[in-house]
Amino acid sequence: MKQISATVISNIELMPGYHLICVDTPAIAATSQPGQFVTVKCGEELTLRRPLSIHKIAKSRQVYFLFKVIGKGTAWLSLCRKGERLDILGPLGHGFYIRPASKKLLLVAGGIGIAPLTFLAQQALGQEKSVTLLLGAHTKDELYPQKLLPDGIKTIITTEDGSYGEEGKVTDILSGHVNWADQIYACGPLAMYNTIAGERQQWQNKKPVQVSLEIRMGCGIGACFSCSIKTKNGMKRVCLDGPVFNLDDVILEEVKI
Ligand SMILES: Cc1cc2nc3c(=O)[nH]c(=O)nc-3n(C[C@H](O)[C@H](O)[C@H](O)COP(=O)(O)OP(=O)(O)OC[C@H]3O[C@@H](n4cnc5c(N)ncnc54)[C@H](O)[C@@H]3O)c2cc1C
Numbered sequence: 166m167k168q169i170s171a172t173v174i175s176n177i178e179l180m181p182g183y184h185l186i187c188v189d190t191p192a193i194a195a196t197s198q199p200g201q202f203v204t205v206k207c208g209e210e211l212t213l214r215r216p217l218s219i220h221k222i223a224k225s226r227q228v229y230f231l232f233k234v235i236g237k238g239t240a241w242l243s244l245c246r247k248g249e250r251l252d253i254l255g256p257l258g259h260g261f262y263i264r265p266a267s268k269k270l271l272l273v274a275g276g277i278g279i280a281p282l283t284f285l286a287q288q289a290l291g292q293e294k295s296v297t298l299l300l301g302a303h304t305k306d307e308l309y310p311q312k313l314l315p316d317g318i319k320t321i322i323t324t325e326d327g328s329y330g331e332e333g334k335v336t337d338i339l340s341g342h343v344n345w346a347d348q349i350y351a352c353g354p355l356a357m358y359n360t361i362a363g364e365r366q367q368w369q370n371k372k373p374v375q376v377s378l379e380i381r382m383g384c385g386i387g388a389c390f391s392c393s394i395k396t397k398n399g400m401k402r403v404c405l406d407g408p409v410f411n412l413d414d415v416i417l418e419e420v421k422i
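Residue numbers (this note's numbering): 166 to 422.
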């Protein structure tokens, strides 16, 4: 983990209310694993750093973050311009695990949940795995552009209003792809994990699902315990032991976002 002052290379509004920011930070680019995150100091007056997943790495030194503008911190970040410097701490936490023997990975992204999964796809494709992404959004305007996904990924899209791809939620089509996959990874809202946990009971082969828990956290480095959750293996700190957990281990009804 390093605290770095990184130069902003670009910052664009990719979809309405969603930004893609790229910073130059070779040290974080070299040491990050998919599913890990950083915390960013968003302006002088905000004391708590904001956690953001590593979205993708380019040219061995550029790190991308995809974020939705929610409140003060992300609004501040959305206004950062090329050449400005960002105070970043990372990489933090434990990310996704790819078993060496796995050949086919199924990724399930609900909305901004695409943020950490792109980096996972990037790494998996680099290891010559087959990757299928189920990408869901409320509507076409909120869909992550397919042209920014890594080459070689197979993508199936759902929108809740039917404005693009199949109509419905990404979880509506999940069961049809489960048998194909050696490993399954999901990132999205808590409601999506509840649905997956319910559907999983019907799967013939109850394959494990790794999920990223993006819950509110304080320090991001395991010191304040504010992101502690109850799991089947005892209390865990999301920032240190996660944010990636096996869905099976998480007691979903105890998780507060
Ligand atoms: C491990 C992890 C990875 C994340 N990765 C991404 C990502 O890649 N892209 C993205 O858009 N969002 C991501 N989030 C959520 C993001 O951190 C929050 O949306 C952001 O902190 C909101 O800050 P704000 O000041 O704009 O909003 P405010 O609501 O003003 O924030 C107030 C406080 O709540 C915390 N907070 C608010 N919402 C969340 C949330 N959903 N999760 C965690 N903390 C929250 C903030 O850090 C801050 O301390 C991630 C969260 C975690 C825990």
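Idealized CB from N, CA, C, for every residue including glycine.
Inclusion of T324 and L298 in the CB contact set at 7 Å is not warranted, their separation being larger than that value. Sequence-distant partners of E178 (beyond 5 residues in either direction) whose C-beta falls short of 6 Å from its own C-beta, in its chain, are H184.
Taking R381 as reference, the option from V420, K312 and K224 with the minimal CA-CA separation is V420. Take P256, set aside five residues on each side of it, and the residues of its chain with a beta-carbon closer than 8 Å to its own are M166, I193, T196, S197, Q198, Q201, F202, V203 and I219, in chain order. Closer than 6 Å to some heavy atom of ligand 1: that does not describe the Cβ of M400. Assigned with DSSP and collapsed to three states, I235 falls in coil, not helix or strand. In the displayed model, T204 falls within a strand according to three-state DSSP. DSSP, read as helix, strand or coil, puts C352 in strand.
Under the 8 Å Cβ criterion, the region 298 to 312 counts as touching the region 275 to 282, having at least three qualifying pairs. Distances taken from the Cβ of M382 to the heavy atoms of ligand 1 include one shorter than 6 Å.
If you check the C-beta of G353 against ligand 1, you find no heavy atom less than 6 Å away. Between Q375 and S267, the gap from beta carbon to beta carbon reaches 7 Å or more. By the C-beta density criterion, T190 is buried, having at least 16 other C-beta atoms within 10 angstroms. Taking C-beta atoms under 8 Å as the contact rule, T304 and S340 fail to qualify, at a distance of about 24 Å. Residue range I279 to G291 is occupied by the alpha helix (DSSP H) that includes Q288. Note that the region 219 to 235 does not touch the region 355 to 364; fewer than 3 beta-carbon pairs, one per stretch, sit closer than 8 Å. Going by DSSP, V173 is part of the beta strand (DSSP E) stretching over K167 to M180.
The C-beta separation of K269 from K294 comes to about 7 Å, placing the pair in contact by the 8 Å criterion. Here L242 really is in contact with I186; their C-beta atoms are around 7 Å apart, less than 8 Å.
In the DSSP secondary-structure assignment, K395 is bridged to M400.
Burial of F261 is indicated by the presence of at least 16 other C-beta atoms within 10 angstroms of its C-beta. Within its own chain, the residues whose Cβ lies closer than 7 Å to the Cβ of K395, once the five positions on either side in sequence are excluded, are I416 and E419, listed in chain order. Shortest gap from the CB of T320 to any heavy atom of ligand 1: 6 Å or more. Ligand 1 has no heavy atom closer than 6 Å to the beta-carbon of K312. Taking the Cα of A388 as reference, the smallest distance to any Cα among R402, E364, E379 and P216 is reached at R402.
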